[in-house]
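Undergrad:
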Ligand SMILES: Nc1ncnc2c1ncn2[C@@H]1O[C@H](COP(=O)(O)OP(=O)(O)OP(=O)(O)O)[C@@H](O)[C@H]1O
Ligand SMILES: [Mg+2]
């Protein structure tokens with residue numbers, strides 16, 4: 039259930055009435071099947087743009103993108119957007135199960151899966167609520183559950199934990215690692231948190247400020263699953279401060 | 016404040032004006048032909064309501080309103096959707112849409128009577144033509160208000176066009192469509208009654224004109240009350256429907 043991604047010279051210029059915006063300089067990037075890749079970089083450097091191109095939501099101005107499916111041919115994509123984008127006219131349960139509904143999965147199975155996922159993201163008991171009845175962080179968790187509902191072969195997550203407190207964030211990081219290890223999906227995740235990046239990533243891509251380009255790629259050597267205590271180790275801190283230095287230079 | 020306390024000023028003002036009206040009729044010697052007293056209207060109300068013909072005319076008018084409203088809703092939603100999905104059709108229809116708004120539609124009633132006869136058909140068409148516009152405009156507006164973020168969700172999940180219509184476009188546009196239908200039911204009532212004024216021999220509108228010609232002013236008042244009640248009840252039905260169907264949308 040995996041997808042590999044190959045970007046060759048992917049660039050993006052937005053054309054708007056007030057002029058052109060160069061959002062992304064040509065990017066070369068290979069993501070291996072089943073890899074957990076984290077994108078990090080200053081605000082406005084084109085992370086969302088790159089994710090949207092990979093997810094097929096918009097086209098690149100130049101370059102080529104190739105997604106190669108694994109032997110089972112699964113090509114489902116789960117997308118967690120920077121905003122939760124829940125549908126306000128559906129209950130949390132129906133929102134979470136939307137990907138299954140679009141694939142004509144039966145009501146009973148959808149319900150069971152939604153309840154299971156709500157449990158995983160800490161929303162048990164909120165299945166029948168409207169999105170507007172949930173806090174921002176809870177809505178974001180529901181959006182994460184929705185992205186996971188259809189066992190995606192590729193999971194694209196744009197600052198999925200941005201609206202969460204540190205404790206919930208840590209808990210969901212571990213949950214995500216566990217889910218990812220069980221599914222073998224390829225993950226691309228955007229974050230502004232250096233420690234989250236080091237905690238989760240196989241490789242970390244640092245992007246530089248506008249127009250975005252890849253500044254460095256860091257391999258994270260730690261074994262999995264990674265315990266929370268890893269953050270206290272010297273190796274972890276060494277990688278984190280190296281990344282911080284890289285980001286300082288880009289800003 | 017309790018409910019009673021909140022509605023008290025309204026109750027007082029309405030009761031008060033009825034008392035003044037009654038007193039004025041009794042003290043001024045105003046002929047009942049011009050302005051009948053409320054108590055007189057009330058007495059005639061029960062007379063009128065006990066006549067079978069009243070309900071015959073009422074059912075005709077109700078049928079015209081509902082048929083015109085239904086045509087307006089279906090046509091309005093369909094055309095609103097059509098001009099949303101096709102800019103070419105929108106540009107092609109634009110002159111007609113503007114024209115249909117600028118023409119005082121009531122002026123078209125004699126023409127419709129000429130074309131579609133003195134029966135209910137011409138009234139249904141008048142009602143539909145008058146009521147159709149807000150449904151179409153609101154449908155178009157509602158569809159255009161589909162959020163980009165929600166479109167992204169359906170695109171990322173590769174939903175087919177039918178799923179987009181059913182699960183994204185219709186629910187997004189529903190609050191606006193229902194608001195348009197609320198206006199449409201009021202306009203359809205006006206359309207049907209005006210149509211009856213100008214031609215035919217059935218319906219409460221026709222009855223009102225006949226009563227006026229017979230100088231039965233008290234009966235005319237009763238008919239006005241009946242028409243008001245019809246319009247009000249139909250509006251309440253649609254408003255309730257709107258609240259039920261868009262429960263997710265409310266903010267309280
Ligand atoms: N639809 C658009 N039209 C015009 N310019 C855009 C559009 N979307 C993004 N941009 C521009 O492209 C650049 C990159 O935007 P993008 O959203 O990819 O940044 P980002 O790295 O995700 O930032 P953040 O961390 O704040 O989310 C920005 O300068 C932005 O102004
Ligand atoms: Mg972004």
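Chains as they are written, first to last, in our numbering: chain A, 39 to 289; chain B, 16 to 267. Beta carbons: idealized from backbone N, C-alpha and C, even for Gly.
#1: With a threshold of 8 angstroms, are at least 3 pairs of Cβ atoms found where one atom belongs to the region 75-90 of chain A and the other to the region 240-252 of chain A?
#2: In the DSSP assignment, what residue or residues form a beta bridge with residue 60/A?
#3: If you measure from the CB of residue 189/B, is any heavy atom of ligand 1 nearer than 8 angstroms?
#4: Just to confirm, does residue 59/A get its C-beta within under 8 angstroms of one of the non-hydrogen atoms of ligand 1?
#5: Going along chain B, which residues have a C-beta under 8 angstroms from residue 121/A?
#6: Is it buried or exposed for residue 127/B, if we count other Cβ within 10 angstroms and need 16 for buried?
#7: Compute the minimum distance between the beta carbon of residue 162/B and the heavy atoms of ligand 2, and state whether it is under 8 angstroms.
#8: If contact means a Cβ-Cβ distance below 7 angstroms, which residues of the region 171-183 of chain B contact chain A?
#9: Terminal residues of the continuous beta strand (DSSP E) containing residue 228/A?
#10: Going residue by residue through the region 218-279 of chain A, where are the continuous beta strand (DSSP E) segments of at least 3 residues, counting only ones entirely within it?
#11: Going by other Cβ atoms of all chains shown within 10 Å of its Cβ, with 16 needed for buried, is residue 20/B buried or exposed?
#12: Can you tell me whether residue 267/B is helix, strand or coil according to DSSP?
#13: Quick check: the Cα distance between residue 83/B and residue 166/A, rounded to an integer number of angstroms?
#14: Does the pairing of the region 106-116 of chain A with the region 144-160 of chain B give three or more beta-carbon distances under 8 angstroms?
#15: Taking 8 angstroms as the cut-off, does the CB of residue 245/A come closer than this to any heavy atom belonging to ligand 1?
#16: Considering only residues of the same chain and omitting the five flanking positions on each side of residue 192/A, which have a CB-CB separation below 6 angstroms?
#17: For residue 101/A, which residues from the same chain have a beta carbon less than 8 angstroms from its beta carbon, with the 5 sequence-adjacent residues on both sides left out?
#18: Using CA atoms only, rank isn't needed, just tell me which of 35/B, 114/B, 73/B is closest to residue 223/B.
#19: Could you please give me the residues that DSSP links to residue 46/A through a beta bridge?
#20: For residue 68/A, which residues does DSSP report across the bridge?
#21: Determine which residues share a DSSP beta bridge with residue 78/A and list them.
#22: Return no unless some Cβ of chain B is closer than 9 angstroms to the Cβ of residue 198/A.
#23: Let me make sure I understand the geometry here. Which of 52/A, 89/A, 140/A has the alpha-carbon closest to that of residue 197/A?
#24: Name the one or two DSSP bridge partners that residue 194/A has.
#25: Would you please state the rounded distance, in angstroms, between the beta carbons of residue 201/A and residue 134/A? I believe it to be under 8 angstroms.
#26: Which residue wins for smallest C-alpha separation from residue 209/A, given the options 159/A, 107/A, 229/A?
#27: For residue 212/A and residue 264/A, what's the separation of their Cα atoms in angstroms?
#28: Does chain A have any CB closer than 9 angstroms to the CB of residue 187/B?
#29: Buried or exposed: where does residue 182/A fall if 16 or more other Cβ atoms within 10 Å of its Cβ makes it buried?
#30: Count the other CB atoms within 10 Å of the CB of residue 117/B; is the residue buried (16 or more) or exposed (fewer)?
#31: Residues in its own chain within less than 7 angstroms of residue 139/A by CB, not counting five upstream and five downstream?
#32: Got a sec, what are the start and stop residues for the alpha helix (DSSP H) residue 170/B sits in?
#33: Between the beta-carbon of residue 191/B and the beta-carbon of residue 144/B, is there less than 9 angstroms?
#34: Examine ligand 1 and report whether any of its heavy atoms sits within less than 8 angstroms of the Cβ of residue 49/A.
#35: Note down, in chain order, each residue of its chain lying with its Cβ closer than 8 angstroms to the Cβ of residue 182/B, except the 5 sequence neighbours on either side.
#36: CB of residue 172/A to nearest heavy atom of ligand 1: below 8 angstroms?
TA: So, to answer that:
#1: yes
#2: 51/A
#3: no
#4: Indeed, a heavy atom of ligand 1 lies less than 8 angstroms from the Cβ.
#5: 164
#6: buried
#7: no
#8: 171, 172, 174, 178
#9: 224-228
#10: Those beta strand (DSSP E) runs which fall completely within the region 218-279 of chain A and span 3+ residues are 224-228, 241-246, 251-257.
#11: It is exposed - the Cβ of residue 20/B has fewer than 16 other Cβ atoms within 10 Å.
#12: At residue 267/B, the pLDDT of 49 sits below 50, so the modelled position is not reliable; the number obtained from the coordinates is stated separately. Three-state result, residue 267/B: coil.
#13: So the two alpha carbons sit approximately 38 angstroms from each other.
#14: no
#15: yes
#16: 41, 115, 224
#17: Contacts found: 45, 46, 47, 48, 49, 64, 65.
#18: 73/B
#19: According to DSSP, residue 46/A bridges with 102/A.
#20: Bridge partners of residue 68/A according to DSSP: 44/A.
#21: Residue pairing by DSSP places residue 78/A opposite 244/A in a beta bridge.
#22: So, not an interface residue.
#23: Ranking 52/A, 89/A, 140/A by Cα distance to residue 197/A puts 89/A first.
#24: 117/A, 226/A
#25: With 8 angstroms as the limit, residue 201/A and residue 134/A do not qualify as a contact, their Cβ atoms being about 17 angstroms apart.
#26: 159/A
#27: 8 angstroms
#28: yes
#29: buried
#30: exposed
#31: 148
#32: Residue 170/B -> alpha helix (DSSP H) spans 163-171.
#33: no
#34: False, no ligand heavy atom lies under 8 angstroms from that Cβ.
#35: 169, 174
#36: no
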